[in-house]
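In order, the protein sequence lines correspond to chains A and B. Just so we're aligned, residue 251 is where the first sequence starts under the working numbering, counting upward by one. Just so we're aligned, residue 69 is where the second sequence starts under the working numbering, counting upward by one. Heads up: the structure comes next, in structure tokens.
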Amino acid sequence: MNFEWLARQSDYILGLVGWHIVLAVTPLILGLLIALPIGLLAHRKRIVYTPIIGTAGLLYTVPSLALFVLLPQVLGTRILDPLNIIVALTVYTVALLVRVVTDALASVPEETIQAATAMGYRGWQRFLLVELPVGIPVISAGMRVAAVSNVSLVSIAALLGIPQIGSLFTQGFQLRFYTPIIAGIILCLVLALVLDGIIMFITRRLTPWTPKVVTS
Amino acid sequence: MIDYLTDPAHWTGKDGIWMLLAEHLLYSFIALIVACAIAIPLGLYIGYTRKGQFLVAGLANALRALPTVGLLILMVMIISPFFASRLAFVIPSLIVLVLLAVPPILTSTYAGIMAVDASAVDAAKGMGFRPMRVLTQVQIPCATPLILSGIRSSLLQIISTATVAAYISLGGLGRLLIDGRAQNDYGQMAAGAVLVAALALVFELGLGYLTKRVVSPGLSRRTVKERRRETVGVPVPA
């Protein structure tokens, strides 16, 4: 490891980390917002369950590099536009979370729903104040998977030349220089760990009724 | 893109699409077979003895966070000086592909063995089956759907990552993407992307169909299990 090089390049590396966070976190939040209504629909209407879950599964099979390349044609953007990465990862996040949201809503005990109904909760009120909060632990587990895989997937965009932590890998390869590669791998791992920690922290704040045990 | 795909000159020859497709499939299957040879016996052992599952589960999660591109490039730089020929790129790529493919198969195999209905195992023991026969004739058939879904997500991961490996000079369909990028030929890149996506979809659907055919119809609780099973090994794109 050449720490002198790292110190000299710290501004540049910090910029890459910033881009990486934007490219990984924006799709996570957008994905959750889009997956919630679709997941709710799949949960409520049995007829659309299979097509929605099936489509989500198939979207997930498309390799990311292929998706990054194909999106410009669909969106009318340019190949180097970071928007392609955000849209591609949002697609993956939605594909993952739709199933998770349905599972989360299905995990709400029938007695809880009956109790809420008896207390006068109806329709949207019951969904927002009872079903969704009770399903948070399951949704959170899915968000953790999505967050960690997004961090790793963003780095693939470096092969197209979109700047983020992955740029350190291509740079190291061109220069035959280990330092940026190792630094990049460590930064990706740390970023994934931090995002995972933030999601767990938020989950604990949102679900104060769950026992405070450290899982995983 | 359409122009690129419909030009017959792009399909034949040493760098033609058919050749790249064959290379892609060759690397993918070698990696898959090696990964299965490592992960299935190990998964059966962990599932049967119930030892070391936390260690393996933790390892599988940690691997998910590792950036594929970084790992691949690091491997090539470390290993390639030891090989003179084209193997300098093939061997490190295969190592990374196997490394990424082992965790899904491993976790789904031991989860599958452990999820086998205890009463079925007891019944087999009661009928005088020896442990090895319980494993091969009861537990493995019951765990087949889960094992196959692990193999399915591994294969998809391999197909995706083999695409990325073109960056470090590996052959396969990823060449179209990487060379197209280098030559600013969007048609070539898009053609490669469509072919890779189609390849992944064909395998996803094909293996899905195979799973339905292979699984013993005696496991009639399939519809109930199907939903629980899918949440165990969430496949991750690469």
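All C-beta atoms, glycine included, are put in the ideal place defined by N, C-alpha and C.
On the CB-based measure, 16 or more other CB atoms within 10 Å of its CB, does residue i come out buried or exposed?
| i | result |
| --- | --- |
| A:E361 | exposed |
| B:S187 | exposed |
| B:G239 | buried |
| A:G385 | buried |
| B:P160 | buried |
| A:R296 | exposed |
| A:T420 | buried |
| A:Y262 | exposed |
| B:K82 | exposed |
| A:D353 | buried |
Does the beta carbon of residue i sit closer than 8 Å to a beta carbon anywhere in chain B?
| i | result |
| --- | --- |
| A:L278 | no |
| A:R294 | no |
| A:T340 | no |
| A:P313 | yes |
| A:Y371 | no |
| A:I406 | yes |
| A:F423 | yes |
Could you please give the first and the last residue of the uninterrupted alpha helix (DSSP H) stretch that includes residue i?
| i | result |
| --- | --- |
| A:H293 | 260–294 |
| B:Y254 | 254–282 |
| A:R454 | 428–456 |
| B:D247 | 242–250 |
| B:G218 | 208–232 |
| B:P199 | 199–202 |
| B:H92 | 85–117 |
| B:G196 | First-last for B:G196: undefined, no H or E at that position. |
Taking only beta-carbon atoms, is residue i less than 8 Å away from chain A?
| i | result |
| --- | --- |
| B:Y72 | no |
| B:E272 | yes |
| B:G255 | no |
| B:R132 | yes |
| B:I227 | yes |
| B:V137 | yes |
| B:L142 | yes |
| B:M320 | Since the first residue of chain B shown is 69 and the last is 306, residue 320 of chain B is not available in this structure. |
Tell me the rounded alpha-carbon separation between residue i and residue j.
| i | j | result |
| --- | --- | --- |
| B:K119 | A:V444 | 30 Å |
| B:L203 | B:L112 | 9 Å |
| A:F416 | A:F427 | Inspection of the sequence shows that residue 416 of chain A is occupied by Gly rather than by Phe. For A:G416 and A:F427, the distance between alpha carbons rounds to 14 Å. |
| A:S399 | B:I181 | 27 Å |
| B:L287 | B:R281 | 12 Å |
| B:T175 | A:A368 | 42 Å |
| B:F157 | B:H78 | 24 Å |
| A:R349 | B:G248 | 35 Å |
Measure from the C-beta of residue i to each C-beta in chain E and report whether the shortest distance is under 8 Å.
| i | result |
| --- | --- |
| B:L224 | Checking the listed chains, one finds no chain E in this structure; the protein chains it contains are A and B. |
Q: Assess, as a yes-or-no matter, whether the stretch 233–240 of chain B is touched by the stretch 209–225 of chain B under the definition of 3 or more beta carbon pairs within less than 8 Å.
A: no
Q. Three or more beta-carbon pairs under 8 Å between the stretch 264–278 of chain A and the stretch 433–442 of chain A, yes or no?
A. yes
Q: Tell me, please, whether the stretch 301–315 of chain A touches the stretch 252–268 of chain B by the rule of three or more beta-carbon pairs shorter than 8 Å.
A: yes
Q: Could you tell me whether the stretch 104–111 of chain B touches the stretch 164–179 of chain B, using the rule of 3 or more Cβ pairs below 8 Å?
A: yes
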